[in-house]
Amino acid sequence: MALELELISPIDVAKDIALAVQDYTVLSAQSLANFFRRPLYMGDMLQQADLIGVGSLPIVILTGLSVGALLALNSASSLERFGAVTLIGQLVSLGMVTELGPLITGLMVAGRNASGMASELGSMVVTEQIDAMRALGTDPAKKLITPRVGATAFMLFFLTIIADLLGLIGGYAVAHLLFGVDTQQYWTSIWQTLVFRDVFTGLIKPVLFGFIISTVGCYYGMSTKGGTQGVGRSTTQAVVASSVLILIVDFFVTKLIFAIFGYR
Amino acid sequence: MSAPTLPSENPAAAVASPSGHAIEFDNVSIAFDEKVVLDSVSFQLAHGETKAIFGVAGSGKSTLLKLAIGLLRPDSGRIFVLGEEITHMSEKELFELRRRVGIVFQESALFDSLKVYENVAFRLMEEKIPAEEIERRVREVLRFVELERTYDMFPSELSGGMRRRVAIARAIITQPEVLLYDSPTGGLDPVTSNTIVELIVKQRDVYKTSALMVTHRLQDAFTMATHDFDKATNKMVPLPKGKRGEVPMSFLILRDGKVIFDGDAQQLVNSRDEYIREYVS
Numbered sequence: 003m004a005l006e007l008e009l010i011s012p013i014d015v016a017k018d019i020a021l022a023v024q025d026y027t028v029l030s031a032q033s034l035a036n037f038f039r040r041p042l043y044m045g046d047m048l049q050q051a052d053l054i055g056v057g058s059l060p061i062v063i064l065t066g067l068s069v070g071a072l073l074a075l076n077s078a079s080s081l082e083r084f085g086a087v088t089l090i091g092q093l094v095s096l097g098m099v100t101e102l103g104p105l106i107t108g109l110m111v112a113g114r115n116a117s118g119m120a121s122e123l124g125s126m127v128v129t130e131q132i133d134a135m136r137a138l139g140t141d142p143a144k145k146l147i148t149p150r151v152g153a154t155a156f157m158l159f160f161l162t163i164i165a166d167l168l169g170l171i172g173g174y175a176v177a178h179l180l181f182g183v184d185t186q187q188y189w190t191s192i193w194q195t196l197v198f199r200d201v202f203t204g205l206i207k208p209v210l211f212g213f214i215i216s217t218v219g220c221y222y223g224m225s226t227k228g229g230t231q232g233v234g235r236s237t238t239q240a241v242v243a244s245s246v247l248i249l250i251v252d253f254f255v256t257k258l259i260f261a262i263f264g265y266r
Numbered sequence: 021m022s023a024p025t026l027p028s029e030n031p032a033a034a035v036a037s038p039s040g041h042a043i044e045f046d047n048v049s050i051a052f053d054e055k056v057v058l059d060s061v062s063f064q065l066a067h068g069e070t071k072a073i074f075g076v077a078g079s080g081k082s083t084l085l086k087l088a089i090g091l092l093r094p095d096s097g098r099i100f101v102l103g104e105e106i107t108h109m110s111e112k113e114l115f116e117l118r119r120r121v122g123i124v125f126q127e128s129a130l131f132d133s134l135k136v137y138e139n140v141a142f143r144l145m146e147e148k149i150p151a152e153e154i155e156r157r158v159r160e161v162l163r164f165v166e167l168e169r170t171y172d173m174f175p176s177e178l179s180g181g182m183r184r185r186v187a188i189a190r191a192i193i194t195q196p197e198v199l200l201y202d203s204p205t206g207g208l209d210p211v212t213s214n215t216i217v218e219l220i221v222k223q224r225d226v227y228k229t230s231a232l233m234v235t236h237r238l239q240d241a242f243t244m245a246t247h248d249f250d251k252a253t254n255k256m257v258p259l260p261k262g263k264r265g266e267v268p269m270s271f272l273i274l275r276d277g278k279v280i281f282d283g284d285a286q287q288l289v290n291s292r293d294e295y296i297r298e299y300v301s
């Protein structure tokens, strides 16, 4: 059997990418604009908030504790050489609140919920449920996408606060139990280290990450083609794309915060 | 089977549209990835008429229905639904028009995360109709399709035929002026198919709903052309031989994206076109 290779024009690839970016931008803009248009599906938003927020709590608790403990463990081994193990609290608090808390929570929720949204909406697309919804006079962007975007951005904010707190507790457990750091010293150093810009940085990121997770998940779900295989493909792409976008946006937001507030 | 009645009988299609037709396609063409699916398709669906659309798989039958409800837009040509040109309507304007049109999808397309009553009541819930009124109307329409017992069930718990009937209930709950059926009897056993054909005939004869019906089953369309619905006995009954051309039923055949036949049952049977003769036989 002769193997036939089909050559794809780079122009066509560029056109496809440009089209995808355009579609994603339109979907994202619509999802935001729909917050100001009636009807606003509050019931669906609460349902999604429960699914995303409460449903993601166990995984966020576990990763928050682990990352805080690991951060303390790794930094303590270096600090110990300089006799500065009491600085663990500073390192853990800065690392968790400004960077690792939002990032790890964002990546965990991306893995769990971007995939969930892509597979749920993708299944609805291939079984014509989205067409049925449109035919019944309901805008799927309002009914399905906007509630997911609102719920994810809102819940990721609170999940990140929980992850930060548990990270600090995990760090405390390692610092106190393994390296003998005094309880009051640990928590006081955290209180003294964190300033407004740190907390602001740490809380603006989850809102952006939540927006990315939900819009990317919904975009891949709504653009699913090719039956159940297509649903699987969309699910994978949604997780990969949202995770990569989170990392890129994280870098630029951090850089922007530094540009606005200056380096510490 | 005798089909139960819907108490709020209100012949919907009596309103004349400016174009004079319930649906009109004027030189409509559409292609996907350079493959022409419909090529200059023109036809009219009169008010109160049911038109059965035939064609081999991939001939553009389902595409035609999706164009008729504005889920797809044609590359060229014009489409009129209930007197309004939908070709350039915005999605928001289409949402308004779709309240007057019902569609039954090929695989039912029921919302699998919602129960049967939520599926059937979907449009009423969106319109914020009081809960008691919704429940009353859902029960009525489920009784009409003989599935009241499935009220609290999920679509996954239903058989294919039951899902199809729930989809019909969802489409007719607002008594639309036009109904679009995409293979409503496809893949069903003869008894269930007959039940569904009877429901469609009842919509045509009692509620005077205009309809486009995509189907592969010629026998279903011929049953519809040779029967009418008797309100007295609440049953579909065969027409006497001399009256068979009197029901508002027509046939349309698509081949390679073009309309090759548009006429009534008698014209179809008498056609001399070789392809049509082979199709009918």
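Keeping their order, the protein sequence lines are chains A and B.
Numbering of the first sequence is given in the working numbering, commencing with residue 3 and proceeding in unit increments.
Numbering of the second sequence is given in the working numbering, commencing with residue 21 and proceeding in unit increments.
A virtual CB, placed ideally from N, CA and C, is assigned to each residue, including glycine.
Note that the structure is a prediction, hence the values are computed from the model and not measured.
Buried or exposed by the 16-neighbour rule on C-beta atoms within 10 Å, applied to residue i
i, result
"A/VAL15", "exposed"
"B/PHE249", "buried"
"A/VAL45", "First, the residue type needs correcting, since residue 45 of chain A is Gly and not Val in the sequence shown. Exposed is the call here."
"A/ILE250", "exposed"
"B/VAL165", "buried"
"B/ALA23", "With a pLDDT of only 47 at B/ALA23, under 50, the local geometry of the prediction cannot be trusted, and no value is derived from it."
"B/SER110", "exposed"
"A/SER11", "exposed"
"B/LYS148", "exposed"
"B/GLU177", "exposed"
"B/VAL35", "With a pLDDT of 41 at B/VAL35, under the threshold of 50, the predicted position of this residue should be treated as unreliable, though the coordinate-derived value follows. That one is exposed."
"B/ALA33", "Note that B/ALA33 scores a pLDDT of 41, beneath 50, so its modelled location is shaky; the value from the coordinates is reported in the next line. Buried: at least 16 other Cβ atoms inside 10 Å."
"A/SER216", "buried"
"A/LEU34", "exposed"
"B/MET21", "Note that B/MET21 has pLDDT 43, beneath the 50 cutoff, so the model's placement of it is unreliable and no number is given."
"A/ILE19", "exposed"
"B/HIS67", "buried"
"A/GLN50", "buried"
"A/ARG150", "buried"
"A/SER30", "buried"
Among the options, nearest to residue i - alpha-carbon criterion
i, options, result
"A/VAL176", "A/ALA51, A/SER79, A/LEU210", "A/SER79"
"B/GLN223", "B/ALA191, B/VAL211, B/ARG292", "B/ALA191"
"B/GLU146", "B/SER128, B/GLN126, B/GLU116", "B/GLU116"
"B/LYS86", "B/ASP293, B/GLN286, B/ASP202", "B/ASP202"
"B/GLY262", "B/ILE193, B/THR246, B/GLN126", "B/THR246"
"B/GLY205", "B/GLY181, B/LYS81, B/THR194, B/ALA189", "First, the residue type needs correcting, since residue 205 of chain B is Thr and not Gly in the sequence shown. It is B/GLY181 whose Cα lies nearest to the Cα of B/THR205."
"B/SER128", "B/ALA241, B/ASP293, B/ILE216", "B/ILE216"
"B/THR83", "B/PHE100, B/LEU102, B/VAL61", "B/VAL61"
"A/ASP184", "A/VAL87, A/LEU81, A/SER11", "A/VAL87"
"A/LEU179", "A/ILE132, A/GLU8, A/ALA71", "A/ALA71"
"A/GLY234", "A/TYR221, A/VAL255, A/GLY124, A/LEU196", "A/GLY124"
"A/VAL94", "A/PHE84, A/GLY108, A/LEU67", "A/LEU67"
"A/ALA112", "A/LYS17, A/ALA22, A/VAL255, A/LEU158", "A/LEU158"
"B/SER270", "B/LYS251, B/ASP240, B/ILE99, B/ALA252", "B/ASP240"
"A/PRO41", "A/PHE181, A/LEU170, A/GLY139, A/ILE19", "A/GLY139"
"B/ASP225", "B/GLY207, B/LYS255, B/LEU238", "B/LYS255"
"B/HIS236", "B/ILE273, B/LEU219, B/VAL221, B/LEU200", "B/ILE273"
"A/GLY121", "A/MET224, A/ILE192, A/VAL255", "Here residue 121 of chain A is Ser; the residue named in the question, Gly, does not match the sequence. For A/SER121, the nearest C-alpha among the options comes from A/MET224."
Beta-carbon contacts of residue i that lie in its chain and below 7 Å, excluding the five residues immediately before and after
i, result
"A/ILE262", "none"
"B/VAL289", "VAL300"
"A/ASN36", "ALA143, LYS144, THR148"
"A/SER245", "LEU109, ALA112"
"B/GLU168", "ARG159, LEU162"
Residues near residue i in its chain [Cβ-Cβ closer than 6 Å; skip 5 each side]
i, result
"A/TYR174", "TYR188"
"A/ILE61", "MET110"
"B/PHE131", "ASN139"
"A/THR203", "THR100, ILE259"
"B/GLN64", "HIS41, GLU44"
"A/GLU74", "A quick correction: the sequence has Ala, not Glu, at residue 74 of chain A. Hits under 6 Å: ILE90, VAL94, GLY173, VAL176, ALA177."
"B/THR194", "ARG143"
Chain-ordered neighbours of residue i on chain A, where CB pairs are closer than 8 Å
i, result
"B/ALA11", "Within the shown structure, residues of chain B are numbered from 21 to 301, placing residue 11 of chain B beyond reach of any answer."
"B/ARG118", "ARG136, ALA137, LEU138, GLY139"
"B/PHE100", "Near B/PHE100 there are no residues of chain A at all, since even the closest Cβ is about 18 Å away, more than 8 Å."
"B/ILE123", "ALA134, ALA137"
Per-residue contacts from residue i into chain A (C-beta, under 7 Å)
i, result
"B/ILE89", "ALA137"
"B/PHE115", "GLY139, ASP141"
9 Å Cβ cut-off: residues of chain A touching residue i
i, result
"B/PHE74", "What B/PHE74 touches in chain A: nothing, since even the nearest Cβ is about 21 Å away."
* Any residues in the region 120-142 of chain A with a beta carbon nearer than 7 Å to a beta carbon of chain B? Which ones, in chain order? -> THR129, GLU130, GLN131, ASP133, ALA134, ARG136, ALA137, LEU138, GLY139, THR140, ASP141
* Asked: According to a CB-to-CB cut-off of less than 7 Å, which residues of the region 133-147 of chain B neighbour chain A?
  -> Within the region 133-147 of chain B, the residues whose Cβ lies closer than 7 Å to any Cβ of chain A are, in chain order, PHE142, ARG143, GLU146.
* For the region 165-188 of chain B, which residues have a beta carbon sitting closer than 7 Å to at least one beta carbon of chain A? -> none
* Got a sec: which bits of the region 212-237 of chain B sit with their beta carbon under 9 Å from any beta carbon on chain A, in order along the chain? -> Against chain A - using a Cβ distance shorter than 9 Å - the region 212-237 of chain B contributes no residues.
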